[in-house]
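From first to last, the protein sequence lines stand for chains F and H. Anchor point for the first sequence: position 128 equals 134 in our numbering, and the numbering is continuous, going up by one each time. Anchor point for the second sequence: position 209 equals 1334 in our numbering, and the numbering is continuous, going up by one each time.
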Amino acid sequence: MGDTVVVVGAGLAGIQVSHQLADLGLKVHLVEKEATVGGLSAHLGKVFPTDDCALCLDACEELFSGHHRRCQYRSLLGNQKKLNLHTLTEIKSIKQDGGRFSVSLKTTPRYVMLDRCVVCLECINVCDVEVPDEMNLGRVMRKAIYRSIPQGVPLAPVIDMNSCTKCTKCVDVCKVGAIDLEQRSKTRTIKADAVVLATGVEERSPSILPGYAYGLCKDVLTQRELARLLDSTGATNGKVLTASGKQVESVTMILCAGSRDLNAIDYCSQACCTYSLKHAIMLREQGVGVTICYMDLRVPLHSHSFLERARESDVTFVRGKPDHVIVHEGSPVTIVEDTEALKRLEIESDLVVLASPLVPHAAEKEVFNSFLGDYGFAARHDAPKGIYACGTATGPTDIPASVAEANAVALEVYMALKGGA
Amino acid sequence: MKKLFLCTCNGTLNKLLDFTKIGKEVKALYDVVEVVDNLCLEEGLTKLEKGLSEDDRLAIGACSSQIIGVPMKQRIKNDLVTFVPLREQVGWVHVEEKESATNKAIVLLSDASVQLDHMESPTEFTESVVDRVLVMGGGIAGLKAASDLHRLGVEVTLLEPSGQNNERYLQTSVFMSDTDTLINELQAIQKTLKKVERFEGTFGEVTGQTGSYDVTLNGVNGNEKIREYGAIIVASGNQQYLPRSAKKMRHGKSERVVTLDSLMSRLKKKRAKESSTILVAVDFDAPMFSVEGSHLLRSTRNLATRGYTIIVVHSDIRTEDENLYREARDSGVIFIRGKVTRIRENEKGLTCRIENTLESMEREVIADLVAIPQMVGPVNETALLADKLGVDCDNNGFIRTRYSKMKPVQTSRRGIFVAGGAKMPMSLSDAMASAQNAVLEAFKVVRSPLTRSGWIPVIDDEQCDVCKACLEACPNDALRLMDDRIVHVPAHCEFCGICVSACPTRAIEFQSHRKESWFARFEAVATTHRRLEGKKPFSFVFACSECANASIDQAGFAGKQYGTGSYVIQFPCAGMVSPIEILKGLVVGAEHVIVAHCPPGGCHHQTGDHLSELVVSFTRDMLREIGQDPERVQATYMIAAMPEKMQKEVPVRG
Ligand code: SF4
Ligand code: SF4
Ligand code: SF4
Ligand code: SF4
Ligand code: SF4
Chain F
7 MGDTVVVVGA GLAGIQVSHQ LADLGLKVHL VEKEATVGGL SAHLGKVFPT
57 DDCALCLDAC EELFSGHHRR CQYRSLLGNQ KKLNLHTLTE IKSIKQDGGR
107 FSVSLKTTPR YVMLDRCVVC LECINVCDVE VPDEMNLGRV MRKAIYRSIP
157 QGVPLAPVID MNSCTKCTKC VDVCKVGAID LEQRSKTRTI KADAVVLATG
207 VEERSPSILP GYAYGLCKDV LTQRELARLL DSTGATNGKV LTASGKQVES
257 VTMILCAGSR DLNAIDYCSQ ACCTYSLKHA IMLREQGVGV TICYMDLRVP
307 LHSHSFLERA RESDVTFVRG KPDHVIVHEG SPVTIVEDTE ALKRLEIESD
357 LVVLASPLVP HAAEKEVFNS FLGDYGFAAR HDAPKGIYAC GTATGPTDIP
407 ASVAEANAVA LEVYMALKGG A
Chain H
1126 MKKLFLCTCN GTLNKLLDFT KIGKEVKALY DVVEVVDNLC LEEGLTKLEK
1176 GLSEDDRLAI GACSSQIIGV PMKQRIKNDL VTFVPLREQV GWVHVEEKES
1226 ATNKAIVLLS DASVQLDHME SPTEFTESVV DRVLVMGGGI AGLKAASDLH
1276 RLGVEVTLLE PSGQNNERYL QTSVFMSDTD TLINELQAIQ KTLKKVERFE
1326 GTFGEVTGQT GSYDVTLNGV NGNEKIREYG AIIVASGNQQ YLPRSAKKMR
1376 HGKSERVVTL DSLMSRLKKK RAKESSTILV AVDFDAPMFS VEGSHLLRST
1426 RNLATRGYTI IVVHSDIRTE DENLYREARD SGVIFIRGKV TRIRENEKGL
1476 TCRIENTLES MEREVIADLV AIPQMVGPVN ETALLADKLG VDCDNNGFIR
1526 TRYSKMKPVQ TSRRGIFVAG GAKMPMSLSD AMASAQNAVL EAFKVVRSPL
1576 TRSGWIPVID DEQCDVCKAC LEACPNDALR LMDDRIVHVP AHCEFCGICV
1626 SACPTRAIEF QSHRKESWFA RFEAVATTHR RLEGKKPFSF VFACSECANA
1676 SIDQAGFAGK QYGTGSYVIQ FPCAGMVSPI EILKGLVVGA EHVIVAHCPP
1726 GGCHHQTGDH LSELVVSFTR DMLREIGQDP ERVQATYMIA AMPEKMQKEV
1776 PVRG
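As structure tokens, then:
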């Protein structure tokens, strides 16, 4: 049996499974379509249940004796002998070929060569082109050559060719010759013995639910967008401002906005309750008033302290799912039937934050379709043979569950390829 | 020779710092000072290799050790190396203050030179391991773990409680999944266990260390065996028990009040005769695990489809499977949010009063039967078992893992792992995954000899009073009492140095981090600072090398500027800092000493965050007593997700 595994998606689960497989001695190609790894967690800043960094990774055995967890930037991902990281790379096709797979990859150019760049950031300093920074809701500017988040791995910047004017200023300051404005896309095919889908989830854009005024009013955000505002490396140093720049004094959160609802997405996204609570606590720490409208609070027991802390910090809880949000004099007003007090409430606030459902990334891509089941989520076990999945690709879960699933899949793959009788 | 390599980082760092001045100032401290432009690239590394002989002591003034440290050490053989993060922790965070930043660089490089003088080679050791694993079973995860290990070719002993059979497995796992799936899975795994050694009984003493634990096995028929195991997996499983409210619900007093599970087995597949009403009273106050919720929904759905009228009185119901909720509803289960406050029995049946605490509304329902869902806990023996193994339990009696987010099966003791319900109630698929996790970790332990390298604590028997404070403090069971001496077990040690600060007589010193070395370093910092910056005040930040250092690096990446009179001194763990170092810092003239550790409960070495807070508060008390300002000493946590922490903590002065 061969020993090459392609892991699709370098979010937490993808990285975890790759570390484990490489530690077990298999050859791993970790494929990520973005310029940096981390997936959804790269947007989140802090996470439950431990209230520490979202970008924390379990350390690999090879480099760190598996002893500690490591921040993404110091995890030396890709420094493991048997782990190849391919960023800005998409899977073009997966063909079954005997007992193996031919996985064809297409890498779009970064224009910065990873093996040359020393991350001095001088190129970013000299670039004159500024465009709105999508990572920070377009509220600040970034350069044409940029790094999306401070921790982003690989650390080297990337050029956004749509805005670059090819003025070559960056090329001139880069004395180590790391920038190549003429870099081309590359395709390659890898023969693999197993494929692990760790394609993850993304927040679905609430614009398809017109009732919540998302898109209509700039002060209706999703929880992910709120996380960007709360992140101290973000645009406002962690201060939460309205779109017009005013300090936010009150926030209304709508849980299950578009999930657990047969007309939208009927599953529960599992993690939203807890991360909404986490954000509520962070907002309370800044003195912002928070109201949470919910159907059920589904907080796993290991994160129960978040619920207690939210209650202690005077978050207002309203049981009831708001029907809609209207815009009154520019500010959002949430209309909700309080099912406990049996009262209809109109809640005015500076911001409305929607816990939007988490939907599978893989579903966007036709290549994966034949491996996906209900809602576009993948089955964890190898059906068809040799294809595995872990993390949120198999359905929304929280980080501890993703990590445990990634480890379990690593063992399954190892046993299938190497493991004994 | 002592050599210094400075990197300009592609000709940028020398714009932020005056390299000429640095070169001049540190010339006397090093035998060789060399400046390169790209130390981390092939050409830079080649230059480094060429300029170095094996016994040189080396200081690197470049980017963060966290980025360049490991790869560089793979390249060069020298083990006496220190890194000064001139980029992340000096240049990038003091862009407006070139002169002071340059001075700070010189101070830190002087410190590095003293540090190199005191540096010892890390201790290396290799220990053989036993390629055999003990699974302490009882739960279904234990069967899975034994089965997978066997398939991996690892020798396994499956220890099971006396009288354990399929019936018992089923009964104690009933909440994990629907019965058919459970039976199938159980039979399938049992088949794979034909060649696995099974031992019925309990265990007595466990001694030894990861890679070789000696375990006494006590068989049911009085036989005793001592066997050696490389790793141990605890999979003792669950038992169900009645919630506190059961008595109030008249359980045990009325024949019509029963547990939901006993009702299920009593009614087996029977259909309802006439319309009998069953009220399911969920304990209102106890938080529910999602498996308990799923089990509740599965059982009530099952009864409802057979024609019973089911009313579930509950607070929040958690489940990992939304469909169960829907199916239960669709099959006619009625859900009422509230609490059953009283049950009265008469000839008509049971009159149950239900109170909705939030609405302060009350209503009454008449039921033929009241069913009480049982709660799921660890088996009774878990606490005893944990005690014998020396691993920690949580408040509910489940075995605690090291770090809830990412160490799913690692207990507080190396080489001992937990699988399935002994950690928390799990669904069948989660329990299987948990068993696989434990197998993976155990496999990594037993598959190759243990090799480690690091600075270790050294115990001076002359100084030691055998007070055992270090033994208590060591979070990894790496110090033991043997023949009235404290002995270090390197296989368990995480090189944190917590034992150093715990020892009241300082009979323990950590290699390369001895008291004299700290004193000399602090003095070097203070004198150099004064020579260059005169009366400008300065502070020390004693930062752990994990989260706190990461936060300080990230301040650089995020461009969070802070004052220059701030000297970060790396400690392996903040738990190593004792009042001695803090007070010495003040004595040499620091205005503040800030001890920066990992987030609360998130110390990489388990207890350093907590211990360093204690040490700081103790030191503050001392200062207060001698009439000094306690505010000069602070403890705080720093993490990479909060790169603004340095900005907030470091007083900007001078
Ligand atoms: S190791 Fe790094 S990422 Fe993990 S909690 Fe600490 S600072 Fe955060
Ligand atoms: S591309 Fe060149 S200039 Fe830009 S960060 Fe990398 S080394 Fe520096
Ligand atoms: S070439 Fe492009 S990226 Fe480089 S400095 Fe010019 S505009 Fe910016
Ligand atoms: S306290 Fe830390 S350094 Fe000391 S023996 Fe224990 S693990 Fe090792
Ligand atoms: S704490 Fe110090 S004195 Fe006490 S037993 Fe340990 S080494 Fe000896």
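Glycine is no exception: its CB is placed at the ideal position from the N, C-alpha and C atoms.
Touch test, the region 1200-1208 of chain H against the region 1658-1666 of chain H, Cβ-Cβ under 8 Å, three pairs minimum: no
Test: S1737 (chain H) CB closer than 9 Å to a CB of chain F: For S1737 (chain H), the answer is no, since every Cβ of chain F falls outside 9 Å of its Cβ.
Residues with C-beta closer than 6 Å to any heavy atom of ligand 2, in chain order: F:V118, F:C123, F:V124, F:V125, F:C126, F:L127, F:E128, F:C129, F:A162, F:P163, F:V179, F:C180, F:V182, F:A184, F:I185 and H:N1135
Status (buried if at least 16 other CB within 10 Å, exposed otherwise) for Y1366 (chain H): exposed
Closer than 9 Å to chain H by CB, N90 (chain F): N90 (chain F) does not count as touching chain H.
Chain-order list of residues whose beta-carbon lies under 8 Å from that of S1178 (chain H) (same chain, five-residue window excluded): M1126
A427 (chain F) at chain H interface by Cβ criterion, 9 Å: Since pLDDT at A427 (chain F) reaches only 46, below the 50 mark, its modelled position is unreliable, and no value is offered.
Residue interval of the alpha helix (DSSP H) (run including L1509 (chain H)): Per DSSP, the continuous alpha helix (DSSP H) segment holding L1509 (chain H) begins and ends at T1507 to L1514.
Proximity test, E1671 (chain H) beta-carbon vs ligand 1 heavy atom, cut-off 8 Å: yes
V1218 (chain H) beta carbon near ligand 3 (any heavy atom closer than 8 Å): no
Burial state of T1145 (chain H) (16 or more Cβ within 10 Å): exposed
Delimiting residues of the beta strand (DSSP E) encompassing A395 (chain F): I393 to A395
Chain-order list of residues whose beta-carbon lies under 6 Å from that of R1462 (chain H) (same chain, five-residue window excluded): none
H74 (chain F) Cβ short of 8 Å to ligand 4 heavy atom set: no
Within chain H, partners of H310 (chain F) - CB distance below 9 Å: P1412
Straight-line gap, H334 (chain F) to A1563 (chain H) (C-alpha atoms, nearest Å): 55 Å
Cβ-Cβ separation, K192 (chain F) to C262 (chain F) (assumed contact under 8 Å), whole Å: Between C262 (chain F) and K192 (chain F) a beta carbon distance of about 43 Å is seen, past the 8 Å cut, so the two are scored as non-contacting.
Cβ-based contacts, 7 Å cut-off: residues of the region 1444-1467 of chain H near chain F: E1447
Classification of N142 (chain F) by the beta-carbon crowding that lies within 10 angstroms, buried from 16 upward: buried
Distance between E1417 (chain H) and V1702 (chain H) (C-alpha atoms, nearest Å): 45 Å
For I1442 (chain H), three-class secondary structure by DSSP: Here I1442 (chain H) sits in coil by DSSP.
Spatially closest choice to L222 (chain F) from F:H330, F:E128, F:S24 and F:L313, by CA coordinates: F:H330
Beta-ladder partner(s) of V331 (chain F), from DSSP: F:T340
Own chain, CB closer than 6 Å to N1139 (chain H), minus 5 neighbours either side, in chain order: T1133
Residues with C-beta closer than 6 Å to any heavy atom of ligand 5, in chain order: H:I1584, H:C1589, H:D1590, H:V1591, H:C1592, H:K1593, H:A1594, H:C1595, H:I1611, H:A1627, H:C1628, H:T1630, H:A1632 and H:I1633
C1618 (chain H) - DSSP class collapsed to helix/strand/coil: coil
For D1339 (chain H), three-class secondary structure by DSSP: strand
Exposure of A427 (chain F), with buried meaning 16 or more beta-carbon neighbours within 10 Å: At A427 (chain F) the pLDDT is 46, less than 50, meaning the model places this residue with poor confidence and gives no usable figure here.
Of the residues H:D1242, H:L1129 and H:T1653, the one placed nearest R1639 (chain H), counting alpha carbons only: Looking from the CA of R1639 (chain H), the closest CA among H:D1242, H:L1129 and H:T1653 belongs to H:D1242.
Residue closest to L1284 (chain H), alpha-carbon to alpha-carbon, out of H:S1298, H:R1352 and H:V1255: H:R1352
Closest residue to I165 (chain F) among F:C180, F:G144, F:L187 and F:V124 (Cα-Cα distance): F:L187
Range covered by the beta strand (DSSP E) that runs through Y1354 (chain H): E1349 to Y1354
DSSP state of I185 (chain F) mapped onto helix, strand, coil: strand
Supposed contact pair T42 (chain F) and G3 (chain F) - C-beta distance, whole angstroms, cut 8 Å: Within the shown structure, residues of chain F are numbered from 7 to 427, placing residue 3 (chain F) beyond reach of any answer.
8 Å Cβ shell around R1454 (chain H) - same chain, five flanking residues per side excluded: So the qualifying residues of the chain are F1460.
V1625 (chain H) beta carbon near ligand 4 (any heavy atom closer than 8 Å): yes
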